[in-house]
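S.K.: Protein sequences, first through last, are from chains D and Z. By UniProt numbering, the letter at position 106 of the first sequence is numbered 106, and the numbering carries on one by one without gaps. By UniProt numbering, the letter at position 54 of the second sequence is numbered 54, and the numbering carries on one by one without gaps. No residue lacks a Cβ here, since even glycine has one placed at the ideal position from N, Cα and C. Let me begin by handing over the structure; questions about it come next.
Protein chains: 2
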Amino acid sequence: MAGETRRRGADLEEALLEAAWQELVAVGYARFTFEGVAARAGTSRPVIYRRWPQRSDLAVAAVRHFSRSDLFEWPDTGSFRDDLVALLREVSARRLSLVALFSVQMGGFFEETGTTPGELRDQFLAERKRPFGFDVIVQRAIERGEIDPERLTPRIAALPGDLLRHELLMTMKPVSEEAIAEIVDDIFLPLVTKSR
Amino acid sequence: MAGETRRRGADLEEALLEAAWQELVAVGYARFTFEGVAARAGTSRPVIYRRWPQRSDLAVAAVRHFSRSDLFEWPDTGSFRDDLVALLREVSARRLSLVALFSVQMGGFFEETGTTPGELRDQFLAERKRPFGFDVIVQRAIERGEIDPERLTPRIAALPGDLLRHELLMTMKPVSEEAIAEIVDDIFLPLVTKSR
DNA sequence: AGTTCTAGATACGTCAGCGTATCTTATTGA
DNA sequence: TCAATAAGATACGCTGACGTATCTAGAACT
Numbered sequence: 001m002a003g004e005t006r007r008r009g010a011d012l013e014e015a016l017l018e019a020a021w022q023e024l025v026a027v028g029y030a031r032f033t034f035e036g037v038a039a040r041a042g043t044s045r046p047v048i049y050r051r052w053p054q055r056s057d058l059a060v061a062a063v064r065h066f067s068r069s070d071l072f073e074w075p076d077t078g079s080f081r082d083d084l085v086a087l088l089r090e091v092s093a094r095r096l097s098l099v100a101l102f103s104v105q106m107g108g109f110f111e112e113t114g115t116t117p118g119e120l121r122d123q124f125l126a127e128r129k130r131p132f133g134f135d136v137i138v139q140r141a142i143e144r145g146e147i148d149p150e151r152l153t154p155r156i157a158a159l160p161g162d163l164l165r166h167e168l169l170m171t172m173k174p175v176s177e178e179a180i181a182e183i184v185d186d187i188f189l190p191l192v193t194k195s196r
Numbered sequence: 001m002a003g004e005t006r007r008r009g010a011d012l013e014e015a016l017l018e019a020a021w022q023e024l025v026a027v028g029y030a031r032f033t034f035e036g037v038a039a040r041a042g043t044s045r046p047v048i049y050r051r052w053p054q055r056s057d058l059a060v061a062a063v064r065h066f067s068r069s070d071l072f073e074w075p076d077t078g079s080f081r082d083d084l085v086a087l088l089r090e091v092s093a094r095r096l097s098l099v100a101l102f103s104v105q106m107g108g109f110f111e112e113t114g115t116t117p118g119e120l121r122d123q124f125l126a127e128r129k130r131p132f133g134f135d136v137i138v139q140r141a142i143e144r145g146e147i148d149p150e151r152l153t154p155r156i157a158a159l160p161g162d163l164l165r166h167e168l169l170m171t172m173k174p175v176s177e178e179a180i181a182e183i184v185d186d187i188f189l190p191l192v193t194k195s196r
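This is how it looks when you write it as structure tokens:
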């Protein structure tokens with residue numbers, strides 16, 4: 001911090017959480033260290049220990065931080081199918097976040113520290129139910145009469161997100177346009193559209 | 001090994017791989033160490049180094065070992081639906097294997113060592129296409145006229161396994177009977193049965 | 001200006017895990 | 001029986017990361 005103004009309070013904490021998140025995305029939870037986060041944040045370890053005495057505490061806080069800040073515009077193409085494809089494409093582009101999130105989940109599972117699961121699990125599962133913006137484009141499609149709301153059970157509603165997430169986790173690569181089209185056209189839409 | 005007969009050659013290697021696999025299941029790849037495996041196998045580290053100089057080599061070999069040995073009888077209930085439910089139930093019961101497998105995949109992703117992916121990915125993806133025995137019960141169902149083979153695209157065929165796997169990875173818990181029934185009855189069967 | 005708080009830097013000690021070297025000894029094959 | 005091989009045991013040194021203590025100095029408040 002030679003020559004730089006020292007950060008304090010909320011500003012510092014925000015910078016620490018952002019650095020922690022970026023470290024998670026870069027190295028995963030397995031290799032997530034106080035050293036690494038401190039270096040990334042341009043601070044010293046005791047500064048971090050003061051706030052988060054355990055590594056898992058810091059990781060969980062970083063996830064929460066990410067959740068609060070990861071917002072984006074959802075699509076509005078005029079067609080449910082195209083909205084959904086665009087949405088899935090967007091989620092796919094953010095796969096690094098999913099992988100990082102998931103690495104924390106796995107860390108919690110194997111560590112059995114009981115410090116990670118609980119609310120992280122809840123947060124994870126909440127995010128899993130719907131990709132961001134899904135409810136909005138579903139509502140539009142219902143109003144346009146494109147899909148049958150009676151067919152939209154929780155599990156079917158979760159289907160596009162689930163399949164995309166699965167694909168991302170299995171391949172660790174962006175999901176191809178072809179795969180997205182299959183998920184939407186061959187599986188999801190046949191189950192929820194009225195034309196059947 | 002005080003008082004025990006020393007293992008040699010293939011016997012020793014088998015025991016090492018079994019210990020390595022069990023260590024993977026117990027602690028995941030993140031905490032997978034030569035020390036841990038050596039202790040579990042009742043041997044010393046140099047014995048392991050001689051065969052697998054890198055930790056990732058040992059993990060990959062353990063996965064291969066597991067794949068060769070993890071076989072089970074597949075169900076034959078007389079009905080495709082019930083066969084499939086039983087199969088998914090079986091896979092769910094073996095979720096620890098999936099989690100261990102996946103922890104190696106994630107390790108490979110973040111380490112970018114280039115030593116893990118390649119064939120491990122291929123093996124992982126191959127297993128992901130079909131749970132064991134899926135082809136057999138599908139063939140029976142086709143012969144019984146229960147499903148329409150024309151509808152069985154690769155992605156739809158992969159659907160039950162994908163959704164089950166996703167569920168397992170998201171919750172880290174056995175998949176409930178209710179969830180299995182939803183996957184089969186509400187999603188998969190409507191897509192592949194002739195009655196629609 | 002003086003005081004308080006704490007950010008940032010650094011040092012120290014500990015430990016787990018690795019990699020390597022060395023030695024003893026059991027097993028197998030000639 | 002002897003020789004070769006390598007399993008098993010142990011010791012040593014190194015590194016990364018952690019946890020803690022201490023100190024300096026910047027920022028905010030009075």
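Pick helix, strand or coil for M33(Z), following the three-state DSSP scheme.
M.R.: Inspection of the sequence shows that residue 33(Z) is occupied by Thr rather than by Met. Three-state result, T33(Z): coil.
S.K.: By Cβ distance, which residues of its chain are closer than 7 Å to L189(Z), with the 5 residues on each side in sequence left out?
M.R.: Taken in chain order, the residues that qualify are R81.
S.K.: Per the DSSP calculation, I187(Z) is bridged to which residue(s)?
M.R.: Beta-bridge pairing links I187(Z) to no other residue.
S.K.: Please work out which residues of its chain come closer than 8 Å, Cβ to Cβ, to R155(D), disregarding the five sequence neighbours upstream and downstream, and give them in chain order.
M.R.: So the list is empty, once near-sequence residues are dropped.
S.K.: Assuming S97(D) is part of the alpha helix (DSSP H), what are its boundary residues?
M.R.: From DSSP, the alpha helix (DSSP H) with S97(D) extends over 95–111.
S.K.: How big is the Cα-Cα spacing for F32(D) and E23(Z)?
M.R.: Approximately 21 Å, taken between the alpha carbons.
S.K.: Interface residues of chain D around H166(Z) at Cβ under 7 Å?
M.R.: Correct list: D162, R165, H166.
S.K.: Measuring only the C-alpha atoms, how far is A100(Z) from R55(Z)?
M.R.: In a straight line, the C-alpha of A100(Z) is about 15 Å away from that of R55(Z).
S.K.: Would you say G36(Z) faces chain D, with C-beta separation under 9 Å as the test?
M.R.: It does not: the Cβ of G36(Z) has no partner Cβ on chain D nearer than 9 Å.
S.K.: Are F110(D) and V63(Z) touching if we call contact CB-CB under 9 Å?
M.R.: No, the pair does not count as a contact, with Cβ atoms beyond the cut-off.
S.K.: List, in chain order, every chain Z residue whose beta-carbon is nearer than 7 Å to that of P190(D).
M.R.: By Cβ distance, chain Z contributes L191.
S.K.: Can a CB atom of chain Z be found closer than 9 Å to the CB of T153(D)?
M.R.: Interface residue, yes.
S.K.: Which residues in the same chain have their Cβ closer than 7 Å to the Cβ of A41(Z), if we skip the five residues on either side of it in sequence?
M.R.: Around A41(Z): A15, L16, A19.
S.K.: Using a threshold of 9 Å, state whether the C-beta atoms of L168(Z) and P174(Z) are closer than that.
M.R.: Yes; because the gap between Cβ atoms is below 9 Å, this pair is in contact.
S.K.: Output the distance between the C-alpha atoms of M106(D) and S103(Z), rounded to the nearest integer angstrom.
M.R.: For M106(D) and S103(Z), the distance between alpha carbons rounds to 7 Å.
S.K.: Give every residue of the same chain whose Cβ lies closer than 8 Å to the Cβ of A93(D), excluding the five residues on either side of it in the sequence, and list them in chain order.
M.R.: Same-chain partners within the cutoff: P174.
S.K.: May I have the straight-line CA-CA distance separating V47(Z) from E13(Z), to the nearest angstrom?
M.R.: In a straight line, the C-alpha of V47(Z) is about 10 Å away from that of E13(Z).
S.K.: How many Å lie between E134(D) and M170(D) at the Cα?
M.R.: One detail in the question is off: residue 134(D) reads as Phe in this sequence, not Glu. Straight-line Cα distance between these residues: approximately 23 Å.
S.K.: Starting from the beta carbon of I156(Z), find every residue of chain D whose beta carbon is closer than 7 Å, and list them in chain order.
M.R.: Simply D186, I187.
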